[in-house]
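Worksheet: one structure, shown below.
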Amino acid sequence: MIVLQCSNITKSYGAETILDSVKLEIKSNERVALVGRNGAGKSTLLKIMAGKLSNDSGEIITPKGLRLGYLDQHSGLQSDRSIWDEMLTVFTEVKKMEQNLRQLEEKMADPSVYSDETAYEKILAEYDVLQHSFREKGGYQYEADIRSVLSGLKFGNFDYDTSIASLSGGQKTRLALGKLLLSKPELLILDEPTNHLDIDTLGWLENYLSNYNGAVLIVSHDRYFLDKIVSKVYEVARTKASVFHGNYSSYLEEKANRYEQDLKAFEKQQKEVKELEDFIQRNIVRASTSKRAQSRRKKLEKMELMDKPQGAQKSANFSFDIERQSGNEVLNISDLSVSYKDEPPIITNMNLDVKKQESIALIGPNGIGKSTLLKTIAGKIAALHGNIQFGSKVTVGYYDQEQADLHSNKDVLHELWDDYPLTPEKEIRTVLGNFLFSGDDVYKHVSELSGGEKSRLALAKLMMKKANFLIFDEPTNHLDLDSKEVLESALLDYPGTLLFVSHDRYFLNRMATKIVELTEDGLQEYLGDYDYYLMKKDEEQQRQQLRAEREAKSGKDKLYSNEGQDKEAFIQDKEAKKEARKRKREIDKIEQEIEQLEASIEALEEEMLKPEVYESHEKAGEIQQQISDVKTSLDEKMNRWEVLQLEEA
Numbered sequence: 248m249i250v251l252q253c254s255n256i257t258k259s260y261g262a263e264t265i266l267d268s269v270k271l272e273i274k275s276n277e278r279v280a281l282v283g284r285n286g287a288g289k290s291t292l293l294k295i296m297a298g299k300l301s302n303d304s305g306e307i308i309t310p311k312g313l314r315l316g317y318l319d320q321h322s323g324l325q326s327d328r329s330i331w332d333e334m335l336t337v338f339t340e341v342k343k344m345e346q347n348l349r350q351l352e353e354k355m356a357d358p359s360v361y362s363d364e365t366a367y368e369k370i371l372a373e374y375d376v377l378q379h380s381f382r383e384k385g386g387y388q389y390e391a392d393i394r395s396v397l398s399g400l401k402f403g404n405f406d407y408d409t410s411i412a413s414l415s416g417g418q419k420t421r422l423a424l425g426k427l428l429l430s431k432p433e434l435l436i437l438d439e440p441t442n443h444l445d446i447d448t449l450g451w452l453e454n455y456l457s458n459y460n461g462a463v464l465i466v467s468h469d470r471y472f473l474d475k476i477v478s479k480v481y482e483v484a485r486t487k488a489s490v491f492h493g494n495y496s497s498y499l500e501e502k503a504n505r506y507e508q509d510l511k512a513f514e515k516q517q518k519e520v521k522e523l524e525d526f527i528q529r530n531i532v533r534a535s536t537s538k539r540a541q542s543r544r545k546k547l548e549k550m551e552l553m554d555k556p557q558g559a560q561k562s563a564n565f566s567f568d569i570e571r572q573s574g575n576e577v578l579n580i581s582d583l584s585v586s587y588k589d590e591p592p593i594i595t596n597m598n599l600d601v602k603k604q605e606s607i608a609l610i611g612p613n614g615i616g617k618s619t620l621l622k623t624i625a626g627k628i629a630a631l632h633g634n635i636q637f638g639s640k641v642t643v644g645y646y647d648q649e650q651a652d653l654h655s656n657k658d659v660l661h662e663l664w665d666d667y668p669l670t671p672e673k674e675i676r677t678v679l680g681n682f683l684f685s686g687d688d689v690y691k692h693v694s695e696l697s698g699g700e701k702s703r704l705a706l707a708k709l710m711m712k713k714a715n716f717l718i719f720d721e722p723t724n725h726l727d728l729d730s731k732e733v734l735e736s737a738l739l740d741y742p743g744t745l746l747f748v749s750h751d752r753y754f755l756n757r758m759a760t761k762i763v764e765l766t767e768d769g770l771q772e773y774l775g776d777y778d779y780y781l782m783k784k785d786e787e788q789q790r791q792q793l794r795a796e797r798e799a800k801s802g803k804d805k806l807y808s809n810e811g812q813d814k815e816a817f818i819q820d821k822e823a824k825k826e827a828r829k830r831k832r833e834i835d836k837i838e839q840e841i842e843q844l845e846a847s848i849e850a851l852e853e854e855m856l857k858p859e860v861y862e863s864h865e866k867a868g869e870i871q872q873q874i875s876d877v878k879t880s881l882d883e884k885m886n887r888w889e890v891l892q893l894e895e896a
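Under the numbering used here, the residue at position 387 of the sequence shown is numbered 634, and the numbers go up by one with no gaps.
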């Protein structure tokens, strides 16, 4: 079944056509990606599909009553409610049904109703219909769904009474995504849903969308994400949309194959046209061959000439060079503590060494302090404690993900030229042209630029510096897939040293020679790329699981027996782990009991509907009392479960 179809959608802004006769269709439960350069019209097309923007011509066709959910890439939840109350608004109808069920239960338990058998049976029939609808709409699990989504989006440790107005922009964006996922529309349209997500949250979202009961249309510049999720790709380029089947990697292969086949077909036809034209020219005036020449002229006139296939659109073209080599010791960090503004320290007692030509990736959950650490190393903010020592002949270049070093009141040309006033204008324009700023683009004010354009301008400034130690904070944010590939190629050829933060797993895997993971417990180094890091993390988890199984079996804590821990620390750690295991067992037990109690409520409510029960006032009253007792127990179990979860966190 087709849930959405675009039929010849056209959209222009002034004289510039953005979309021209675009055709696209999405079927039930499909996972579809929309890809293309920044400015190609992807977000415009999504807004037209979602009814947020009008089209000049064409039609959006959907089944009657289709529930469509749309997440704008710049959207953030604006609300004065608490986190929990805002998520509950998704289930307003379900909560109303729940209240109606409770009211009907009270009526059925009222002895005065028993005297009117017709009225009692009417109430019972109404209860039966309402209970079925309540179950179908997830009435018995909506609170568990909210907790699951909030936990997946890294709000599990938050106080759910926290006001949304007090949260950061990234947190509001994640909550907007969570609220949309909870609404479970039949078609999800997501514009850059991976923004503001760390690697763990990306993995959770991938799993959620893979198992989502509905169709999903995604715009994303995360190649790992697209490869894992989608099975069909639409490319928007030069105002048109072309369809490719398979994931993103398959799309790249198929696109290259199509271009090669189209080019061969074009060249073959051009050769045939040339031969026909030569024959006609040589034979048209000769009496003996004139008829054959006329015949071939007719063939040539009837031939539908192919246009030469257009290759890839112009890409940015740049490289990073250095003025001089640094010494072997590039950076030494010892006993470093950092904080953001006047907040408590978020990184303490950190030690790290960076050697010449290493490419080190800093990874960790959002809020752990990665960006603050980079700002401190780059000298943008002061360290609370410790030493940051650069090696001999080290020159530092820093890329800020927020482009704080750009001046909004300058135009593109002078943003670069003012930093390098001795460089001839022609050379400055050449550099900007390599970063896709050409013609009148160089007179645009920085404030008018898109996120991708600002990123390219910041990279141009960084390239001009020719530093031998580059520090990048999320360099691939706002870049389209093509620009990411150009940046990767430039950095792979860079002869200096790299230290960077990124959530782009494809970029991490290509660039990193060492992974440094920041956690609340400190810093852990992995000598290798991102795939190697994942392999080592998996091995660590397996070892921990084996240790836990051995401890449970023997009743002895052997985790630190070979690590020279002093006796007091050993006993404390053992007791802590014992309490954690005890808490985990209690959580598992309570979760089983909660499931049993919910099943009991459902069974009792079904029992209430049996004729032999509702015709007997005494039996009906007994079962209604049992339902009330079980619900009281369920509430107690849920409260205890929440307390244990907070202790576990």
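C-beta atoms are modelled at their ideal positions from N, C-alpha and C, and glycine is treated no differently. Note that the structure is predicted; figures quoted are calculated from it, not measured.
Boundaries (first-last residue) of the beta strand (DSSP E) holding residue i
i, result
"T744", "T744 to V748"
"Y481", "K479 to A484"
"G316", "L315 to L318"
"D720", "F716 to D720"
"Y645", "V643 to Y646"
"K258", "I249 to Y260"
"G633", "H632 to F637"
Per-residue burial, residue i [other beta carbons within 10 Å of its own, 16 or more giving buried]
i, result
"T441", "buried"
"V376", "exposed"
"E352", "buried"
"G386", "buried"
"N809", "Since pLDDT at N809 reaches only 49, below the 50 mark, its modelled position is unreliable, and the value read off the structure follows with that caveat. Flag for N809 reads exposed."
"N715", "buried"
"E883", "exposed"
"I874", "buried"
"I446", "buried"
"Q789", "exposed"
"Q871", "buried"
"D647", "buried"
"Y807", "Model confidence at Y807 stands at a pLDDT of 48, short of 50, so the residue's coordinates are unreliable; what they give is reported in the following sentence. Result: exposed."
"V480", "buried"
"E853", "exposed"
"D469", "buried"
"T879", "exposed"
"T766", "exposed"
Cross-strand partners of residue i (DSSP beta bridge)
i, result
"A488", "V483"
"H468", "For H468, which the question treats as bridged, DSSP gives no partner whatsoever."
"S301", "Beta-bridge pairing links S301 to no other residue."
"M597", "L583"
"E576", "K602"
"E883", "BP columns for E883 are empty, so no partner."
"G769", "T766"
"I870", "Per DSSP, none; premise fails for I870."
"H692", "D658"
"A462", "L434"
"V269", "I256"
"K761", "I607"
"E263", "Y260"
Terminal residues of the alpha helix (DSSP H) in which residue i lies
i, result
"Q788", "Y777 to S801"
"I277", "First, the residue type needs correcting, since residue 277 is Glu and not Ile in the sequence shown. No alpha helix (DSSP H) holds E277; DSSP gives it neither H nor E."
"S395", "Y389 to G399"
"I446", "I446 to S457"
"F526", "Y495 to N530"
"S730", "L728 to L739"
Cβ distance (whole Å) where residue i is taken to contact residue j below 8 Å
i, j, result
"R752", "I476", "Actually they do not touch by this definition, with Cβ atoms about 13 Å apart."
"S326", "I411", "5 Å"
"Y374", "L348", "7 Å"
"L281", "V520", "That pair is no contact at about 37 Å."
"K270", "S254", "6 Å"
"F747", "K731", "Incorrect: roughly 13 Å between the Cβ atoms, too far for contact."
"P432", "D509", "No, P432 and D509 are not in contact; Cβ-Cβ is about 38 Å, not under 8 Å."
Closer than 6 Å: residue i CB and nearest the ligand MN heavy atom
i, result
"E551", "The ligand content of the structure shown is nil, which means the ligand MN is not present either."
Taking 8 Å as the threshold, find out whether the region 389-409 comes into contact with the region 418-426 through three or more Cβ pairs.
Judged by Cβ distances under 8 Å, the region 389-409 makes contact with the region 418-426, as three or more pairs qualify.
Any 3 or more C-beta pairs closer than 8 Å across the region 621-638 and the region 573-585
Output reads yes: the region 573-585 touches the region 621-638.
Mind the definition here: the region 524-532 touches the region 491-504 only if three or more C-beta pairs lie below 8 Å; say whether that holds.
Taking a cut-off of 8 Å on C-beta distances, the region 524-532 does not touch the region 491-504, as fewer than three cross pairs fall below it.
Can you confirm whether the region 719-729 touches the region 680-696 when touching is taken to mean that 3 or more C-beta pairs between the two stretches lie within less than 8 Å?
Contact fails: fewer than three Cβ-Cβ distances are below 8 Å.
Do three or more CB pairs link the region 740-749 to the region 601-612 at distances below 8 Å?
Segments in contact, yes.
Three-pair Cβ contact test at 8 Å for the region 586-596 versus the region 615-624:
Between the region 586-596 and the region 615-624, the count of Cβ pairs shorter than 8 Å is three or higher; the stretches touch.
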